Amino acid sequence: MDRDFEEILLGQDFGREEIKVLLAADGPRMKRLLDRAREVKFRYLDNYVHLRGLIEYGNVCEKNCLYCGLRSGNGRVARYCLSDEEVLDCARLAQELGYGSVALQSGERSDPEFIARIAHLVREIKKIDGGSLGVTLSLGEQSEETYRRWFEAGAHRYLLRIESSSEELYYKIHPRNAMHSFQRRVECLEILKRTGYQTGTGVMVGLPFQTLDHLADDLLFFKRMDVAMVGIGPYIPHPDTPLYRFRDQIPSAAERLDMTLKMIAVLRLMMPEINMVAATANQTVDPQGREKAIAAGANVIMPNLTPGEYRESYFIYPDKACVKDQPDQCRSCLDIRLAAIGHRILYNAWGDSLAFTKKAR
Ligand code: SAM
Ligand code: SF4
Numbered sequence: 011m012d013r014d015f016e017e018i019l020l021g022q023d024f025g026r027e028e029i030k031v032l033l034a035a036d037g038p039r040m041k042r043l044l045d046r047a048r049e050v051k052f053r054y055l056d057n058y059v060h061l062r063g064l065i066e067y068g069n070v071c072e073k074n075c076l077y078c079g080l081r082s083g084n085g086r087v088a089r090y091c092l093s094d095e096e097v098l099d100c101a102r103l104a105q106e107l108g109y110g111s112v113a114l115q116s117g118e119r120s121d122p123e124f125i126a127r128i129a130h131l132v133r134e135i136k137k138i139d140g141g142s143l144g145v146t147l148s149l150g151e152q153s154e155e156t157y158r159r160w161f162e163a164g165a166h167r168y169l170l171r172i173e174s175s176s177e178e179l180y181y182k183i184h185p186r187n188a189m190h191s192f193q194r195r196v197e198c199l200e201i202l203k204r205t206g207y208q209t210g211t212g213v214m215v216g217l218p219f220q221t222l223d224h225l226a227d228d229l230l231f232f233k234r235m236d237v238a239m240v241g242i243g244p245y246i247p248h249p250d251t252p253l254y255r256f257r258d259q260i261p262s263a264a265e266r267l268d269m270t271l272k273m274i275a276v277l278r279l280m281m282p283e284i285n286m287v288a289a290t291a292n293q294t295v296d297p298q299g300r301e302k303a304i305a306a307g308a309n310v311i312m313p314n315l316t317p318g319e320y321r322e323s324y325f326i327y328p329d330k331a332c333v334k335d336q337p338d339q340c341r342s343c344l345d346i347r348l349a350a351i352g353h354r355i356l357y358n359a360w361g362d363s364l365a366f367t368k369k370a371r
């Protein structure tokens, strides 16, 4: 292996140019990068994978992101919102399956009814089995008061992807208006952190107009923001969205997955103790994609618990993986798939970010 590359790999505080060298790695260099990231993960976090039972609460969204099938401008989706009982049934199932945590995700809504129902649901989930379930929320941009209300109800982790840390690219994939403000998204991450959440962010990889510089800057952004969790996944073009017309200008699905794996691996070297999600989108572009993301340095998986009849309506992007899986099948399938790559699931635990818990001590 060449000495320059090896020297970079042994570091941690990478600059932009070093990150670009690592992200450009292919062939044996890429393999070496991924192997090194796995070694580092095992050293800091062992071979555990944490689960969050994903509950896709609803697909009504006030926003109009140019890449997402749930955008308000898409008239071709049947909109739904789960009932309280349906959400609590999912949470009880997560507890029975030993997942340890649930993640409640939905389109962005800011109406008082939505805010009150989420607070109520979080409180009810925390009553299951004496508060044994951890609760992650991924419900978009909200006011500081709303974030605090949900935190006080018992939620302790929040995922809000920045989508791209480049303001210029952000406005190419979002409408340029007050409702889709880049500054506001960054501010929300800061509010989440000071409210006390384990705060997660992330980006899509392989977006139209995205360059290696953008991706390197994304990794530096995560480090600068000192987040506790990151989710990185390939962008998947959705036919009923404005960004679809640029689909011929993006890398192939295999290239988008490879770049996602390298982003995960480089970030694992830069931030060894954070939690990193192996996004479902990885599995959509490659049947082994989720395991590949785990092998490259990720340590969290979000098996879908949404009731079957709603899954196809949570149509963020086409051909979503596991849409037809049953939760109990999903659990045994995951055990086997992860054992095959030398990992094991830590059941009945919240699986908090070590980066966060160490700071809190
Ligand atoms: N509405 C909340 C938000 O935007 O933060 C949470 C739900 S949103 C559907 C969750 C994530 O889906 C987004 O952060 C985005 O990165 C991802 N997503 C949306 N459209 C996508 C696409 N076409 N390909 C890959 N990921 C996509
Ligand atoms: Fe709505 Fe989130 Fe999709 Fe944007 S990414 S349209 S906020 S669900």
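For the sequence shown, counting from 1, position 196 maps to 206 in our numbering; every step adds exactly one. Where a beta carbon is used, it is the ideal one built from N, C-alpha and C, also for glycine. Everything numeric in this text was worked out from a predicted model, so none of it was measured.
Using DSSP bridges, identify the partner residues of R354. Here the question's residue 354 lines up with position 344 in the sequence shown. DSSP, once it has assigned bridges, lists Y58 as partnering R354.
Quick one: what does DSSP say G241 is sitting in, helix, strand or coil? As a position in the sequence shown, residue 241 is number 231, starting the count at 1. Of the three classes helix, strand and coil, the one that applies to G241 here is strand, per DSSP.
Quick check on this structure: which residue in A365, G21, R46 and M40 has the alpha carbon closest to the alpha carbon of T209? Within the sequence shown, residue 209 is the residue found at index 199, counting from 1. If we check each option's Cα against that of T209, A365 comes out closest.
Does DSSP put S111 in a helix, a strand or coil? Mapped onto the sequence shown, residue 111 falls at position 101. Residue state, collapsed to three classes: strand.
List, from N- to C-terminal side, the beta strand (DSSP E) runs of 3 residues or more that fit wholly inside the segment 122-197. For the beta strand (DSSP E) assignment, the uninterrupted runs of no fewer than 3 residues enclosed by the segment 122-197 are, from N- to C-terminal side, 144-148 and 167-169.
Cβ of V215 within 8 Å of Cβ of G241? On the sequence shown, position 205 is the one that residue 215 refers to. On the sequence shown, position 231 is the one that residue 241 refers to. Against a cut-off of 8 Å, the Cβ pair of G241 and V215 comes out as no contact.
Close Cβ partners of F161 (< 7 Å) along its chain, the five nearest in sequence each way excluded: Walking along the sequence shown from the start, residue 161 turns up at place 151. Cβ within range, chain order: T205, G206 and Y207.
I'd like to know if the segment 275-294 and the segment 50-64 are in contact, where contact means that at least 3 CB-CB pairs between them fall below 8 Å. Contact holds between the segment 275-294 and the segment 50-64, because three or more Cβ pairs, one in each stretch, are under 8 Å apart.
Going along the chain, which residues of its own chain have a beta-carbon closer than 6 Å to the beta-carbon of R158, five neighbours each way excluded? Residue mapping note: residue 158 aligns to position 148 of the sequence shown, counting from 1. Leaving aside the five residues that flank R158 on each side, the residues in its chain whose CB is nearer than 6 Å to its CB run, in chain order, T205.
Take the Cβ of T221 as the centre, count every other Cβ of all protein chains shown within 10 Å, and call the residue buried at 16 or more, exposed below. One-based indexing of the sequence shown puts residue 221 at position 211. Exposed is the label assigned to T221, since fewer than 16 other Cβ atoms lie within 10 Å of its Cβ.
Between which two residues does the beta strand (DSSP E) holding Y67 run? Here residue 67 refers to the residue found at position 57 of the sequence shown. For Y67, the uninterrupted beta strand (DSSP E) run begins and ends at G63 to G68, by DSSP.
Could you give the DSSP three-state label for C75: helix, strand or coil? Your numbering for residue 75 matches position 65 in the sequence shown. Looking at C75 - three-state DSSP - the assignment turns out to be coil, as it is neither helix nor strand.
Within 10 Å of its beta-carbon, does K302 have 16 or more other beta-carbons around it, so buried, or fewer, so exposed? Position 292 of the sequence shown, counted from the first residue, corresponds to residue 302. Of the other Cβ atoms in all chains shown, 16 or more fall within 10 Å of the Cβ of K302; this residue is therefore buried.
State buried or exposed for P247, treating a residue as buried only when at least 16 other CB atoms are found within 10 Å of its CB. Working through the sequence shown from its first residue, we reach residue 247 at position 237. For P247, the number of other beta carbons within 10 angstroms of its own is at least 16, and it is reported as buried.
Report the rounded CA-to-CA distance for L372 versus D45, giving the unit in angstroms. The structure shown has nothing for residue 372, since the chain only spans 11 to 371.
What distance in whole Å lies between the Cβ atoms of L253 and I65, which are believed to be in contact at a cut-off of 8 Å? Numbered from its first residue, the sequence shown carries residue 65 at position 55. Numbered from its first residue, the sequence shown carries residue 253 at position 243. Between L253 and I65 the Cβ distance is about 27 Å, and since that is not below 8 Å, they are no contact.
So if DSSP puts S116 in a beta bridge, which residue, or which two residues, is it bridged to? Position 106 of the sequence shown, counted from the first residue, corresponds to residue 116. DSSP output for S116 lists G68 as bridge partner(s).
Rounded separation between D227 and S175 - CA only: In the sequence shown, counting from the first residue as 1, residue 227 sits at position 217. In the sequence shown, counting from the first residue as 1, residue 175 sits at position 165. Between D227 and S175, the alpha-carbon positions lie close to 7 Å from each other.
With distances taken from CA atoms, which of L202, A264 and A350 is nearest I304? Residue 304 sits at position 294 when you count from the first residue of the sequence shown. In this structure, A350 is the residue among L202, A264 and A350 with its C-alpha nearest to the C-alpha of I304.
Collapsed DSSP secondary structure at N84 in the structure displayed: Here residue 84 is taken as the residue at index 74 of the sequence shown, counted from 1. In this structure, N84 counts as coil in the three-state DSSP scheme.
Q105 and S142 - do their beta-carbons sit closer together than 8 Å? The count along the sequence shown starts at 1 and reaches residue 142 at position 132. The count along the sequence shown starts at 1 and reaches residue 105 at position 95. The answer is yes: Cβ separation under 8 Å.
Quick test of your reading: L225 and Q22, contact by CB under 8 Å. State the CB separation rounded to the nearest angstrom. Position 215 of the sequence shown, counted from the start, is the residue given in the question as residue 225. Position 12 of the sequence shown, counted from the start, is the residue given in the question as residue 22. So it is not a contact: roughly 18 Å between Cβ atoms.
Closer than 6 Å between the C-beta and any heavy atom of ligand 2: which residues qualify, listed along the chain? This criterion selects C71, K73, C75, C78, L80, R81, G117, E118 and G150.
Closer than 8 Å, CB to CB, is Y67 near chain B or not? Note that chain B does not occur in the displayed structure, where there is just one protein chain.
Return yes when the C-beta of L103 is under 7 Å from any heavy atom of ligand 1, and no when it is not. Here the question's residue 103 lines up with position 93 in the sequence shown. Placement of the Cβ of L103 at a distance of 7 Å or more from every heavy atom of ligand 1 is found.
Please return the same chain residues whose Cβ sits closer than 7 Å to the Cβ of Y180, not counting the five positions on each side in sequence. What you label residue 180 is simply residue 170 of the sequence shown in a count that begins at 1. These residues qualify, in order along the chain: E173, S174 and F192.
Continuous alpha helix (DSSP H) stretch holding N292: start and end: For the purposes of this step, residue 292 is identified with residue 282 of the sequence shown, where counting begins at 1. Per DSSP, N292 belongs to the alpha helix (DSSP H) from T290 to V295.
Alpha carbon to alpha carbon, how far is A47 from E200? Give it in angstroms, no decimals. Against the sequence shown, residue 200 aligns to sequence position 190. Against the sequence shown, residue 47 aligns to sequence position 37. Straight through space, the alpha carbons of A47 and E200 are spaced by roughly 28 Å.
Comparing the CB of E7 with every heavy atom of ligand 1, is any distance shorter than 7 Å? Given a span of 11 to 371 for the chain in the structure shown, any question on residue 7 remains unanswerable.
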